[in-house]
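Engineer: Here's a structure for you.
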Amino acid sequence: MVLLSETDSNLSTQPVRTGHNNEDIDWQATKSLGESFHYLLEQKLLSDVDFIVGSDVASDTEKISAHKLVLSTRSSVFFAMFSDKWSADGNNNEVKVPDVEPAAFKVMLQFLYSDNVALTLDIVSPVIYAAKKYSIVALENKCSDYLSDNLCPENAFNVLIQARLFHMDKLVSDCLDIIAKNTDTALNSEDFLDIDVETLGLVLERSDLRIEEILLFDAVNRWAEEACVKNNHPVSPKQKRLLLKDALSFLRFPVMEPRDFSSKVVTSGLLSKTEIISVLLHFSSESNAKCDIFNTEPRRTWAVAHRFQHEVTGGCFGSPNPTSYHKIQFHSNRAINLIGFGLYGTPDVTYQVKTQVTNSYYGLNSQTNYRTHYCSDKIFRVFFPQPIKIQPNTNNQYPYLLQVLIQGYYSTYGCSGKSTITKPAIINNTKENVIITFLSSENVPNEGKRGHMTDVNSGQIPELLFDP
Numbered sequence: 001m002v003l004l005s006e007t008d009s010n011l012s013t014q015p016v017r018t019g020h021n022n023e024d025i026d027w028q029a030t031k032s033l034g035e036s037f038h039y040l041l042e043q044k045l046l047s048d049v050d051f052i053v054g055s056d057v058a059s060d061t062e063k064i065s066a067h068k069l070v071l072s073t074r075s076s077v078f079f080a081m082f083s084d085k086w087s088a089d090g091n092n093n094e095v096k097v098p099d100v101e102p103a104a105f106k107v108m109l110q111f112l113y114s115d116n117v118a119l120t121l122d123i124v125s126p127v128i129y130a131a132k133k134y135s136i137v138a139l140e141n142k143c144s145d146y147l148s149d150n151l152c153p154e155n156a157f158n159v160l161i162q163a164r165l166f167h168m169d170k171l172v173s174d175c176l177d178i179i180a181k182n183t184d185t186a187l188n189s190e191d192f193l194d195i196d197v198e199t200l201g202l203v204l205e206r207s208d209l210r211i212e213e214i215l216l217f218d219a220v221n222r223w224a225e226e227a228c229v230k231n232n233h234p235v236s237p238k239q240k241r242l243l244l245k246d247a248l249s250f251l252r253f254p255v256m257e258p259r260d261f262s263s264k265v266v267t268s269g270l271l272s273k274t275e276i277i278s279v280l281l282h283f284s285s286e287s288n289a290k291c292d293i294f295n296t297e298p299r300r301t302w303a304v305a306h307r308f309q310h311e312v313t314g315g316c317f318g319s320p321n322p323t324s325y326h327k328i329q330f331h332s333n334r335a336i337n338l339i340g341f342g343l344y345g346t347p348d349v350t351y352q353v354k355t356q357v358t359n360s361y362y363g364l365n366s367q368t369n370y371r372t373h374y375c376s377d378k379i380f381r382v383f384f385p386q387p388i389k390i391q392p393n394t395n396n397q398y399p400y401l402l403q404v405l406i407q408g409y410y411s412t413y414g415c416s417g418k419s420t421i422t423k424p425a426i427i428n429n430t431k432e433n434v435i436i437t438f439l440s441s442e443n444v445p446n447e448g449k450r451g452h453m454t455d456v457n458s459g460q461i462p463e464l465l466f467d468p
């Protein structure tokens, strides 16, 4: 046994004066295990390995210090790297990592030392690469969850590119689902033009895309033009067709309006004469015979309740101002999922649309901010980010209220409106009728002002789109 003298025992209770404050001297006393390891990393204390991270070519290298013990306990790759066998092959106290960005490497280290990670959309992709390189599955999962939580129609293609690159199958499925539900918004994002042709094919082969087929063709044609530019090819029908490969075959030309097919598709030069004739023969067939080349099944899986019997262009209707406001009440005898609605517009004009669906009885208040919509014909369709559940109700006292704010000029309106629309549907394997009843909202204008607001008889919102 070793006995401490009185002088020795005093040493353990009296702080050593080194010019540092007590926190610097005794930082371990106030930190958890994870916080202590993170402190070692941040302060570069007792480190025994240096990583030279970044590309020499880009002159973006950075020296980052770490601890072999910590890394080896968190990653099988690091464990093998710092084992005796690997050490015998050379010096493992300095490791070059030219294929990982310094910022991503630091995020990875922070996770290894503390189990915490701070991700952004800009850094998450290189962090996933680093996590896969060093076999850190927990960090991969953190990144996947982060991307899923931040997934939206505007960035769905950007996330899809990363998910396919890193073989994250569930995230790929989530991206494709949100693109299908918000097709128009997703296709108008800048990231759409950056996808490869295989990813384009994955999207086009889906049957649940919520977009008119002619608008889908316009987007594909735009993608092909951008692909020509990126590959330094002349923007010509021949080059576009070559770059599209088999993806073009997934477009369902027979379900287009014949006028749209003739005015846009035929004149684009993307189809051969044989393909054009095949589609035209389908149009002229009384029985709508199958087209030998292209799919004839409509993508739309929703029902359309069109409430007007006639349409008028010009006259007193339309928006004399850049912004107009419309609302209509409705209820359904069956539970349905309201996925969107139609609006009158002017072809080749872009509109900003803001919506709100409310029902005080059921406590519903669903709102969307302004979103951009392109009108290719007299009616364009607006889809909600998520379907809205409409409860069955035949009581006019508790209708749902759809309110729409439109930015943009138009001159078409519907008239001779129906107060009820009946649509057949298969519900629980049984054929049923879905009956939607429309009601005018408050402050309906008198006959002299009719046309400047929307009600059951005339105005805007000609369609409701729903899944039975």
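Mapping of the sequence shown onto our numbering: residues 1 to 468, in sequence order.
Just so it is clear, CB atoms sit at the ideal spot from N, CA and C, and this is done for glycine as well.
Please classify Val70: does DSSP put it in a helix, a strand, or coil?
Structural biologist: In the sequence shown, counting from the first residue as 1, residue 70 sits at position 70. Three-state result, Val70: helix.
Engineer: Less than 8 Å between the C-beta atoms of Ala247 and Ile421, yes or no?
Structural biologist: By one-based count along the sequence shown, residue 247 stands at place 247. By one-based count along the sequence shown, residue 421 stands at place 421. The answer is no: Cβ separation not under 8 Å.
Engineer: Which runs of the beta strand (DSSP E), 3 residues or longer, sit entirely within the stretch 366-410?
Structural biologist: If we require 3 residues or more, the beta strand (DSSP E) runs fully inside the stretch 366-410 come out as 379-390, 400-407.
Engineer: Determine whether the beta carbon atoms of Leu200 and Leu209 lie at a separation below 8 Å.
Structural biologist: As a position in the sequence shown, residue 200 is number 200, starting the count at 1. As a position in the sequence shown, residue 209 is number 209, starting the count at 1. No; because the gap between Cβ atoms is not below 8 Å, this pair is not in contact.
Engineer: Could you tell me whether the Cβ atoms of Leu109 and Leu41 are closer together than 8 Å?
Structural biologist: Counting from one through the sequence shown, the residue named residue 109 turns up at place 109. Counting from one through the sequence shown, the residue named residue 41 turns up at place 41. Yes.
Engineer: If you measure between the beta carbons of Ala156 and Ile136, is that distance less than 8 Å?
Structural biologist: In the sequence shown, counting from the first residue as 1, residue 156 sits at position 156. In the sequence shown, counting from the first residue as 1, residue 136 sits at position 136. Not in contact: Ala156 and Ile136 (Cβ atoms no closer than 8 Å).
Engineer: Specify the secondary structure class of Cys415 as computed by DSSP and reduced to three states.
Structural biologist: Mapped onto the sequence shown, residue 415 falls at position 415. Looking at Cys415 - three-state DSSP - the assignment turns out to be strand.
Engineer: Grouping DSSP H, G and I as helix and E and B as strand, with all else coil, what is Phe217?
Structural biologist: Taking the first residue of the sequence shown as 1, we reach residue 217 at position 217. Looking at Phe217 - three-state DSSP - the assignment turns out to be helix.
Engineer: Less than 8 Å between the CB atoms is what I'm expecting for Lys142 and Val197, so what's the real figure, rounded?
Structural biologist: As a position in the sequence shown, residue 142 is number 142, starting the count at 1. As a position in the sequence shown, residue 197 is number 197, starting the count at 1. With 8 Å as the limit, Lys142 and Val197 do not qualify as a contact, their Cβ atoms being about 31 Å apart.
Engineer: Tell me whether His331 is buried or exposed, calling it buried when 16 or more other Cβ atoms sit within 10 Å of its Cβ.
Structural biologist: In the sequence shown, residue 331 corresponds to position 331, counting from 1. His331 should be labelled buried.
Engineer: Taking the C-alpha atoms as reference points, what is the distance between Val117 and Val124?
Structural biologist: Start at 1 with the first residue of the sequence shown, and residue 117 comes out as number 117. Start at 1 with the first residue of the sequence shown, and residue 124 comes out as number 124. C-alpha separation (whole angstroms): 10 Å.
Engineer: How far does the alpha helix (DSSP H) with Gln239 in it reach, from first residue to last?
Structural biologist: Along the sequence shown, read from residue 1 onward, the residue named residue 239 stands at position 239. Run containing Gln239: 237-244, per the alpha helix (DSSP H) assignment.
Engineer: Using DSSP with H/G/I as helix, E/B as strand and the rest coil, what is Leu109?
Structural biologist: Locating residue 109 in the sequence shown gives position 109, where the first residue counts as 1. In the structure shown, Leu109 sits in a helix (DSSP, three-state: H, G or I).
Engineer: Within its chain, find whatever has a CB closer than 8 Å to the CB of Ala104; leave out the 5 residues flanking it on each side and keep chain order.
Structural biologist: Locating residue 104 in the sequence shown gives position 104, counting from the first residue. Counting only Cβ-Cβ distances below 8 Å, and skipping sequence neighbours, we find Ile123, Pro126, Val127, Tyr129, Ala130.
Engineer: Skipping 5 residues on each side, what residues in its chain have a beta carbon closer than 6 Å to that of Thr355?
Structural biologist: Taking the sequence shown and counting its residues from 1, the one referred to as residue 355 is at position 355. Taken in chain order, the residues that qualify are Thr368, Val404.
Engineer: Is the beta carbon of Arg307 closer than 8 Å to that of Gly417?
Structural biologist: Start at 1 with the first residue of the sequence shown, and residue 417 comes out as number 417. Start at 1 with the first residue of the sequence shown, and residue 307 comes out as number 307. Yes.
Engineer: Looking only at C-alpha atoms, which of Tyr374, Ile426, Tyr410 sits nearest to Asn188?
Structural biologist: To locate residue 188, count along the sequence shown from 1; it is residue 188. The option with the nearest alpha carbon to Asn188 is Tyr374.
Engineer: Can you give the Cα-Cα distance for Asp99 and Leu33, rounded to whole angstroms?
Structural biologist: As a working mapping, residue 99 is identified with position 99 in the sequence shown. As a working mapping, residue 33 is identified with position 33 in the sequence shown. Their Cα atoms are separated by approximately 31 Å.
Engineer: Note the first and the last residue of the continuous alpha helix (DSSP H) segment covering His282.
Structural biologist: Locating residue 282 in the sequence shown gives position 282, where the first residue counts as 1. Start and end: 273-284.
Engineer: Classify Ala180 as helix, strand or coil using the three-state DSSP reduction.
Structural biologist: As a working mapping, residue 180 is identified with position 180 in the sequence shown. Correct three-state label for Ala180: helix.
Engineer: For Pro347, count the other beta carbons within 10 Å of its own beta carbon; 16 or more makes it buried, fewer makes it exposed. Which is it?
Structural biologist: Mapped onto the sequence shown, residue 347 falls at position 347. With fewer than 16 other Cβ atoms within 10 Å, it is exposed.
Engineer: Count the other CB atoms, across all protein chains shown, that sit within 10 Å of the CB of Thr30; report buried if there are 16 or more and exposed otherwise.
Structural biologist: The residue labelled residue 30 in the question sits at position 30 within the sequence shown. Result: exposed.
Engineer: Among Ala138, Asp194, His326, Ala186, which one has its Cα closest to the Cα of Leu115?
Structural biologist: For the purposes of this step, residue 115 is identified with residue 115 of the sequence shown, where counting begins at 1. For the record, residue 115 in the displayed sequence is Asp; it is not Leu. When each option's Cα is compared against that of Asp115, the closest is Ala138.
Engineer: Going by DSSP in three states, Asn359 sits in which element: helix, strand or coil?
Structural biologist: Here residue 359 is taken as the residue at index 359 of the sequence shown, counted from 1. If DSSP states are grouped into helix, strand and coil, Asn359 belongs with the strands.
Engineer: Does at least one heavy atom of the ligand COA sit under 7 Å from the Cβ of Tyr344?
Structural biologist: Of ligands this structure carries none, so the ligand COA is not represented either.
Engineer: Could you check which residue in Pro462, Phe384, Pro399, Tyr409 has the C-alpha nearest to that of Cys415?
Structural biologist: Taking the first residue of the sequence shown as 1, we reach residue 415 at position 415. Of Pro462, Phe384, Pro399, Tyr409, the residue nearest in Cα terms is Pro462.
Engineer: Since Thr183 and Ile161 should fall inside the 8 Å C-beta cutoff, what is the C-beta to C-beta distance between them, to a whole number of angstroms?
Structural biologist: Here residue 183 refers to the residue found at position 183 of the sequence shown. Here residue 161 refers to the residue found at position 161 of the sequence shown. 17 Å between Cβ atoms; not a contact.
Engineer: For Glu101, which of Ser55, Pro153, Lys273 has the nearest alpha-carbon?
Structural biologist: Here residue 101 is taken as the residue at index 101 of the sequence shown, counted from 1. Nearest of Ser55, Pro153, Lys273 to Glu101, Cα basis: Ser55.
Engineer: Measuring alpha carbon to alpha carbon, tell me which of Phe82, Glu286, Phe384, Lys264 ends up nearest Glu213.
Structural biologist: Along the sequence shown, one-based indexing puts residue 213 at 213. Per the Cα distances, Lys264.
Engineer: Tell me the DSSP secondary structure of Phe79 in three-state form.
Structural biologist: In the sequence shown, residue 79 corresponds to position 79, counting from 1. DSSP places Phe79 in helix when its eight states are reduced to three.
Engineer: Under a three-way DSSP split, which group does Ile435 fall into?
Structural biologist: Taking the sequence shown and counting its residues from 1, the one referred to as residue 435 is at position 435. Note: Ile435 maps to strand in three-state DSSP.
Engineer: Name, in chain order, the residues that DSSP records as bridge partners for Asp50.
Structural biologist: Reading the sequence shown from its first residue, position 50 is the one you call residue 50. Beta-bridge pairing links Asp50 to Ser65, Glu94.
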